[in-house]
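S.K.:
Numbering (the UniProt record's numbering), first residue to last: 1 to 460.
(1) Where DSSP assigns a beta bridge to residue 350, which residues make up the other side?
(2) Just how far apart, CA to CA, sit residue 171 and residue 187?
(3) Do residue 309 and residue 57 have their C-beta atoms closer together than 8 Å?
(4) What does the Cβ neighbour count give for residue 346, buried or exposed, with the cut at 16 atoms within 10 Å?
(5) Could you tell me which residues DSSP pairs with residue 34 in its beta bridges?
(6) Where in the stretch 139–188 do unbroken runs of the alpha helix (DSSP H), each at least 4 residues long, occur, reported from the N-terminal end onward?
(7) Counting only C-beta atoms, is residue 391 closer than 8 Å to chain B at any point?
(8) Between residue 2 and residue 12, what straight-line distance do the alpha-carbon atoms span, to the nearest angstrom?
(9) Can you check the stretch 28–81 for any alpha helix (DSSP H) of at least 4 residues that lies completely inside it and give the ranges in chain order?
(10) In chain order, what residues of the same chain lie with their CB nearer than 8 Å to the CB of residue 79, ignoring the 5 residues before and after it?
(11) Can you grab the Cα-Cα spacing for the pair residue 257 / residue 143, in whole Å?
(12) Taking the beta strand (DSSP E) that residue 266 belongs to, which residues open and close that run?
(13) Could you compute how far the alpha carbon of residue 45 sits from the alpha carbon of residue 419?
(14) Quick check: the Cα distance between residue 464 and residue 199, rounded to an integer number of angstroms?
(15) On the three-pair Cβ rule with 8 Å, is the stretch 219–226 touching the stretch 284–292?
(16) Let me check understanding here. Comparing Cα to Cα, which of 106, 375 and 118 lies closest to residue 359?
(17) Any contact of the stretch 388–408 with the stretch 442–450, i.e. 3+ C-beta pairs under 8 Å?
(18) Which residues bound the beta strand (DSSP E) around residue 234?
(19) Counting pairs of beta carbons, one from the stretch 315–328 and one from the stretch 369–386, are three or more of them closer than 8 Å?
(20) Nearest to residue 343 by alpha carbon, out of 417, 305, 353 and 47?
(21) Report the option in 411, 62, 437 and 412 whose CA atom is closest to the CA atom of residue 401.
(22) Output the distance between the C-alpha atoms of residue 201 and residue 264, rounded to the nearest integer angstrom.
(23) Between residue 341 and residue 315, which are expected to be in contact by the criterion C-beta below 8 Å, what is the C-beta distance as a whole number of angstroms?
(24) Pull the bridge partners of residue 426 from the DSSP assignment, please.
(25) Compare the C-alpha of residue 287 against each of 407, 275 and 246 and name the closest.
(26) From residue 313 to residue 254, what distance separates their C-alpha atoms?
(27) Would you identify the three-state DSSP class for residue 93, choosing helix, strand or coil?
(28) Taking contact to mean 3 or more Cβ pairs, one atom from each stretch, closer than 8 Å, check whether the stretch 152–166 and the stretch 116–135 are in contact.
(29) Taking 7 Å as the cut-off, is the beta-carbon of residue 121 closer than that to any non-hydrogen atom of the ligand GDP?
(30) Can you tell me where the alpha helix (DSSP H) holding residue 199 begins and where it ends?
(31) Output yes or no for whether 8 Å exceeds the beta carbon distance between residue 191 and residue 214.
(32) On the DSSP bridge assignment, give the partners of residue 206 in chain order.
(33) Rounded to whole angstroms, what is the Cα-Cα separation between residue 441 and residue 434?
(34) Using three-state DSSP, classify residue 409 as helix, strand or coil.
(35) I need the boundaries of the alpha helix (DSSP H) containing residue 318, first residue and last residue.
(36) Roughly how far, in whole angstroms, is the beta-carbon of residue 311 from the beta-carbon of residue 40, given that I think they are within contact range, below 8 Å?
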């Protein structure tokens, strides 16, 4: 695969580098935010060798590449930005009509969520997996919860979660175009040890004549997002009123002096209550119709992934991981769906007589079993459609079981064979994950067999 040629071709098909306002990537997709989406020729992008598909969704032009996406991304950033940076910030003054339609607002929300959470996923995923492996070592008798090894390792594993506001502050700064270091300083206010101790003492806190609610911001999500959002409006004003000779300290001073009190008194508590409400809503659904919710999400997950909208679940996932420390809906559905798509692709490999389809189905099926479903989804199931129905049947059956037993995920990573430690927790949760996996990989091939497999040519 020639990454240079792919990157150059993509750049040409989206209207050139001046049309790109921001770019990032997930595990399989290049996600481009464009000034003018109409300039992107999706059909031409799909014809580029090595490209699995392309969609405009969530306010982004999403190019499905697969496991090699990071290599293409690096080449693309080199073409646009001489520094080859992690993200691209080439915002230009363009005349754009604000889209206030429901779809337009949702697309902006989806792009915002993806842009904020995607960059910090590696740190959170690694920390979550380390916590799971630490629990595994305890269950196997390799260490105890009172040992110094356990305590120090738990500090390493908890750091990214505890200081999540700092990670989010830096990511929000890139998205909202604020000073990243002042943004992190504001996050530091929320998790300052002395502030946490003061709030925990039960002593009422008064500041500039107003009451500061005793709220813990460790591991919080929404408070810092709201804070940096406010900063994005205050910082330009501070820049205008600060004289040039003293701007280097006057501008950030004004930002801290204005934004920090508002965050502590208003935005922080508001964000905390919103996060608690979101978590309570998810747990209410889980307690009332958990089996149905997980089953439906398992069935629909391929379609959600197809449009690249699975990233909008990040706020729910991060809120759940912060408190109570596990997530019971989305990852369970992803496990059911990922295993089904992997098993379904392998069933197609076994059943089909189409040589090209066999060549695509085997590696894509294995990839899906390890949590990367796009090759199987775009290379097999969306072309056949019947096998996709079989995958939905298998995923739905597995989702019912996962919902009934309230399967818990302890790390925000893509569910697959390599990430099985993410299910290690108290009780029989890990065994429930294995049973969910087994249901999916057993039922799906049977469903695919009875529904039947057409070749792509016959399907057309």
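Don't be surprised by glycine CBs; every beta carbon is placed ideally from N, CA and C.
M.R.: Based on what the coordinates show:
(1) In the DSSP output, where bridge partners are listed per residue, residue 350 has none listed.
(2) In this model, residue 171 and residue 187 are separated by some 12 Å (Cα to Cα).
(3) With contacts defined as CB atoms closer than 8 Å, residue 309 and residue 57 qualify as a contacting pair.
(4) Buried, because 16 or more other Cβ atoms sit within 10 Å of the Cβ of residue 346.
(5) As DSSP reads the structure, residue 34 sits in a beta bridge with 20.
(6) The stretch 139–188 contains these whole alpha helix (DSSP H) runs: 148–162 and 164–176.
(7) As a matter of chain content, chain B is missing from the structure shown, which is built from one protein chain.
(8) Computed Cα separation, rounded: 16 Å.
(9) List check, alpha helix (DSSP H) in window: 42–46 and 69–80.
(10) Closer than 8 Å at Cβ, skipping near neighbours: 7, 8, 11 and 17.
(11) Straight-line Cα distance between these residues: approximately 47 Å.
(12) Where residue 266 is concerned, there is no enclosing beta strand (DSSP E), because DSSP gives it neither an H nor an E.
(13) Using only the alpha carbons, I get a separation of about 32 Å.
(14) No answer is possible for residue 464: the residues shown for the chain start at 1 and end at 460.
(15) The stretch 219–226, when compared against the stretch 284–292, does not touch it at the 8 Å Cβ threshold.
(16) In terms of Cα proximity to residue 359, the closest of 106, 375 and 118 is 375.
(17) Yes, the stretch 388–408 touches the stretch 442–450.
(18) According to the DSSP assignment, residue 234 belongs to no beta strand (DSSP E) but to the alpha helix (DSSP H) extending over 222–241.
(19) Taking 8 Å as the limit for Cβ pairs, the verdict is that the stretch 369–386 does not touch the stretch 315–328.
(20) Of all alpha-carbon atoms in 417, 305, 353 and 47, the one lying nearest the alpha-carbon of residue 343 is that of 417.
(21) Distances from the alpha-carbon of residue 401 to those of 411, 62, 437 and 412 put 437 closest.
(22) Each residue's Cα considered, the two are about 17 Å apart.
(23) Not quite, the Cβ-Cβ distance comes to about 25 Å (not below 8 Å), so this is no contact.
(24) Note: residue 426 is not bridge-paired with any residue in the DSSP secondary-structure output.
(25) The shortest Cα separation from residue 287 among 407, 275 and 246 belongs to 407.
(26) Note on geometry: alpha-carbon atoms of residue 313 and residue 254 lie some 35 Å from one another.
(27) Since pLDDT at residue 93 reaches only 34, below the 50 mark, its modelled position is unreliable, and the value read off the structure follows with that caveat. Correct three-state label for residue 93: coil.
(28) With the cut-off at 8 Å, the stretch 152–166 and the stretch 116–135 touch.
(29) Ligands in the displayed structure: none, and consequently the ligand GDP is not present.
(30) Annotation for residue 199: the continuous alpha helix (DSSP H) segment containing it runs 193–200.
(31) Result no, Cβ atoms of residue 191 and residue 214 do not sit closer than 8 Å.
(32) BP columns for residue 206 point to 211.
(33) Spanning the two alpha carbons is a distance of roughly 11 Å.
(34) When DSSP states are grouped into helix, strand and coil, residue 409 belongs to the strand group.
(35) In the DSSP annotation of this structure, the continuous segment of the alpha helix (DSSP H) that includes residue 318 starts and ends at 314–322.
(36) Contact flag wrong, Cβ pair sits at about 19 Å.
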